[in-house]
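**Q**
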Amino acid sequence: MSSPGLDLPERPARPDDLAACTRLWDVAIGDYVRRLNQPWFPGELAPLERLLGHLLTTDPDLFRVATRPGSDEPVAFVSANRRGATWFLSMLFVDPALQREGVGRRLLERVLPPPGERQGIALGTATDSAQPISNGLYATYGIVPRMPVWRLVGRPERHDALERLPADVDVELLAAATEAPDAVHALDRVVVGHERRPDHAFLLAERRLLAIYWRDGQPVGYGYASPSGRFGPMAALDASLLAPIGAHLLSLFEAPGAFAAWVPGAAGPLTTMLLRAGFRFDPFPMLLCWSGPLADLERYVPISGALI
Ligand SMILES: CC(C)(COP(=O)(O)OP(=O)(O)OC[C@H]1O[C@@H](n2cnc3c(N)ncnc32)[C@H](O)[C@@H]1OP(=O)(O)O)[C@@H](O)C(=O)NCCC(=O)NCCS
Numbered sequence: 002m003s004s005p006g007l008d009l010p011e012r013p014a015r016p017d018d019l020a021a022c023t024r025l026w027d028v029a030i031g032d033y034v035r036r037l038n039q040p041w042f043p044g045e046l047a048p049l050e051r052l053l054g055h056l057l058t059t060d061p062d063l064f065r066v067a068t069r070p071g072s073d074e075p076v077a078f079v080s081a082n083r084r085g086a087t088w089f090l091s092m093l094f095v096d097p098a099l100q101r102e103g104v105g106r107r108l109l110e111r112v113l114p115p116p117g118e119r120q121g122i123a124l125g126t127a128t129d130s131a132q133p134i135s136n137g138l139y140a141t142y143g144i145v146p147r148m149p150v151w152r153l154v155g156r157p158e159r160h161d162a163l164e165r166l167p168a169d170v171d172v173e174l175l176a177a178a179t180e181a182p183d184a185v186h187a188l189d190r191v192v193v194g195h196e197r198r199p200d201h202a203f204l205l206a207e208r209r210l211l212a213i214y215w216r217d218g219q220p221v222g223y224g225y226a227s228p229s230g231r232f233g234p235m236a237a238l239d240a241s242l243l244a245p246i247g248a249h250l251l252s253l254f255e256a257p258g259a260f261a262a263w264v265p266g267a268a269g270p271l272t273t274m275l276l277r278a279g280f281r282f283d284p285f286p287m288l289l290c291w292s293g294p295l296a297d298l299e300r301y302v303p304i305s306g307a308l309i
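Residue numbers (my numbering): 2 to 309.
1) Ends of the alpha helix (DSSP H) at N38?
2) For the structure I just gave you, are there three or more beta carbon pairs, one from the region 278-296 and one from the region 198-214, closer than 8 Å?
3) Of the choices A127, Q219, T59, H160, whose alpha-carbon is the least far from that of D239?
4) Identify every residue that forms a DSSP beta bridge with T1.
5) For R36 and D183, what's the separation of their Cα atoms in angstroms?
6) Take the Cβ of V193 as the centre, count every other Cβ of all protein chains shown within 10 Å, and call the residue buried at 16 or more, exposed below.
7) With DSSP run on the structure shown, which of helix, strand or coil describes R216?
8) Please determine if the region 13-21 and the region 60-74 are in contact, where contact requires at least 3 C-beta pairs separated by less than 8 Å.
9) For the alpha helix (DSSP H) that contains T272, what are its first and last residues?
10) Does the beta carbon of Q320 fall short of 8 Å from some heavy atom of ligand 1?
11) Buried or exposed, going by whether 16 or more other CB atoms sit within 10 Å of the CB of F42?
12) When you compare the CB positions of A262 and F232, do they come within less than 9 Å of one another, or not?
13) Let me make sure I understand the geometry here. Which of L53, T141, Y223, R208 has the alpha-carbon closest to that of D171?
14) Report yes if the C-beta distance between A237 and Y142 is below 9 Å; otherwise report no.
15) Within a Cβ cutoff of 8 Å, which residues of the same chain sit near D27, ignoring the five residues on either side of it in sequence?
16) Under a Cβ-count criterion, where at least 16 other Cβ atoms within 10 Å of its own Cβ denotes burial, should S227 be classed as buried or exposed?
17) Are there any heavy atoms of ligand 1 lying less than 8 Å away from the beta-carbon of T23, as far as the coordinates show?
18) Who does G155 pair with in a DSSP beta bridge?
19) Could you give the DSSP three-state label for V112: helix, strand or coil?
20) Could you spell out the range, first to last residue, of the alpha helix (DSSP H) harbouring E1?
21) Between I134 and G105, is the Cβ-Cβ spacing less than 9 Å?
22) Would you kindly work out how many angstroms separate the C-alpha atoms of A259 and S80, rounded to a whole number?
23) Going by DSSP, which residues form a beta bridge with S80?
24) Would you decide whether V76 is buried or exposed? Buried here means 16 or more other CB atoms lie within 10 Å of its CB.
25) Quick one: is H55 buried, meaning 16 or more other Cβ sit within 10 Å of its Cβ, or exposed?
26) Less than 9 Å between CB atoms is the rule here; does S91 satisfy it with respect to chain D?
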C-alpha cells in the first residue's frame, strides 16, 4: 500500500527510547479511551517498559521509532516479533496530535515482512475492539480481526464452579527457574506451533510461577501465575484440560485484589467456568487478528496482547 501523508524521520529504537515509548503508549490509549467516556488507569508502567526492553532484545530490527523533525524524541513507535513462522505486531502507537496522517501505516510497513516474503508466514496482532483505526489499518494487510479475547477479572467466589484436575494429572511447580524446561517447549511446538524460549525466560524473570502438568510421565499442559493475580499464559495438550489448569492456577496465590486473565473466545469451557465462578468481563475485549493460523486457541491462553 502507498503511504502518503506525514513523512517523519525514523530510525531503529534504542534502549534509551523505552521510557518515551512507554509514555506514548499511555498517552495514545488514554486519548481514545477518554473520548469513549471510559476511565483510563494505566497502572504501574515499569512492567510495560521491561516488556518493551524484552522485545527490543529479541527483535531489534522490528522495533522502530518516528521522531519529530529536528528532534530525536520519539513521537511514534512500532514493535513486532518473529517466532517461528509467526510474525506478531506487539505495539504501534502514534502521538494523538499526529494520528491519521499516515505515520502508523508507514512505520508498520517498515517492519512487516516484504510482500514477496509473506508466503508461509502468519501475520497477527491483538487490537482493542473499541479502536476502528487500528483494526481497519491492519486488516488492509490481511491481518483481520477474527476472535475476541476477553479480560476476565474477579475472584473465585463460587468454588463449586471450578473444575478439578483429573486425578491422574500431577503438578510440578517451578518457582525459582530462570529457564523453562524442555517439557514446556515441547508443548509450545504442538499448541503454539513454535518454541519461544526467550519469552519463557522473560516471564520467569518477571517472577511468575510456572506450573507444569504431567500425566503418565508426559507433559500435558503448563500455566503461569503471579502474586499480582495475573494468570496465563496457559497451554494444554487436550482442550478439556485448559479449564482445570486455569482453576488450579487460581489456587496458587491469594491475589491482593482480583485475579485477571486474557481468554480467547475459542477457549469456551475456561470462559464459562470463570464466569460461573464469579469473574466478570471487562467492557471491551481485545480482538485477535490474523492473516493465517496462530496458536490453537481452544488449547491456549496467550501471554498478552503484545506477545502471542
Ligand atoms: C492506530 C494508530 C497506530 C494508527 O496510526 P495512524 O498514524 O493514526 O494511522 P494512519 O494514518 O497511518 O492510517 C490510518 C488508517 O486507519 C484505517 N482506518 C481509520 N479509520 C477507520 C475506520 N473507521 N474503519 C476502517 N479503517 C479505518 C484506514 O486504513 C486508514 O488508512 P488510510 O487513511 O490510508 O485509508 C494510531 O492512530 C494510534 O496510535 N492510535 C491510538 C492507539 C492505538 O489504538 N494503537 C493500536 C493499539 S491496537
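Glycine residues also receive a C-beta, built at the ideal position from the N, C-alpha and C atoms.
**A** Reading it off the structure:
1) Residue mapping note: residue 38 aligns to position 37 of the sequence shown, counting from 1. Per DSSP, N38 belongs to no alpha helix (DSSP H) and is neither H nor E.
2) no
3) Position 238 of the sequence shown, counted from the first residue, corresponds to residue 239. When only C-alpha atoms are compared, the closest one is Q219.
4) Nothing can be reported for residue 1, as the shown portion of the chain is limited to 2 through 309.
5) In the sequence shown, residue 36 corresponds to position 35, counting from 1. In the sequence shown, residue 183 corresponds to position 182, counting from 1. Spanning the two alpha carbons is a distance of roughly 46 Å.
6) To locate residue 193, count along the sequence shown from 1; it is residue 192. That one is buried.
7) As a position in the sequence shown, residue 216 is number 215, starting the count at 1. The answer is strand: DSSP assigns R216 an E or B state.
8) yes
9) Locating residue 272 in the sequence shown gives position 271, where the first residue counts as 1. T272 -> alpha helix (DSSP H) spans 269-278.
10) This structure cannot speak to residue 320, because the chain is shown only from 2 to 309.
11) By one-based count along the sequence shown, residue 42 stands at place 41. Per the 10 Å Cβ criterion, exposed.
12) By 1-based counting over the sequence shown, the position of residue 262 is 261. By 1-based counting over the sequence shown, the position of residue 232 is 231. In contact: A262 and F232 (Cβ atoms closer than 9 Å).
13) Here residue 171 is taken as the residue at index 170 of the sequence shown, counted from 1. Among L53, T141, Y223, R208, the Cα nearest to that of D171 is on Y223.
14) Residue mapping note: residue 237 aligns to position 236 of the sequence shown, counting from 1. Residue mapping note: residue 142 aligns to position 141 of the sequence shown, counting from 1. Taking 9 Å as the Cβ cut-off, A237 and Y142 do not qualify as a contacting pair.
15) Here residue 27 is taken as the residue at index 26 of the sequence shown, counted from 1. Here the set comprises P43, L46.
16) In the sequence shown, the residue the question calls residue 227 occupies position 226. Buried, since its Cβ has 16 or more Cβ neighbours within 10 Å.
17) Taking the first residue of the sequence shown as 1, we reach residue 23 at position 22. Not so, every heavy atom of ligand 1 lies at least 8 Å from the Cβ.
18) Counting from one through the sequence shown, the residue named residue 155 turns up at place 154. According to DSSP, which records beta bridges pairwise, G155 is partnered with F260.
19) Reading the sequence shown from its first residue, position 111 is the one you call residue 112. Three-state result, V112: helix.
20) With the chain covering only 2 through 309, there is no way to say anything about residue 1.
21) Position 133 of the sequence shown, counted from the first residue, corresponds to residue 134. Position 104 of the sequence shown, counted from the first residue, corresponds to residue 105. Yes, Cβ-Cβ distance for I134 and G105 is below 9 Å.
22) For the purposes of this step, residue 259 is taken as the residue at position 258 of the sequence shown. For the purposes of this step, residue 80 is taken as the residue at position 79 of the sequence shown. Rounded to the nearest angstrom, the two C-alpha atoms are 30 Å apart.
23) Residue mapping note: residue 80 aligns to position 79 of the sequence shown, counting from 1. F64, M92.
24) Taking the sequence shown and counting its residues from 1, one reaches residue 76 at position 75. Per the 10 Å Cβ criterion, buried.
25) For this step, residue 55 is matched to residue 54 along the sequence shown. Flag for H55 reads buried.
26) The chain labelled as chain D is not found in the depicted structure, where only one protein chain is given.
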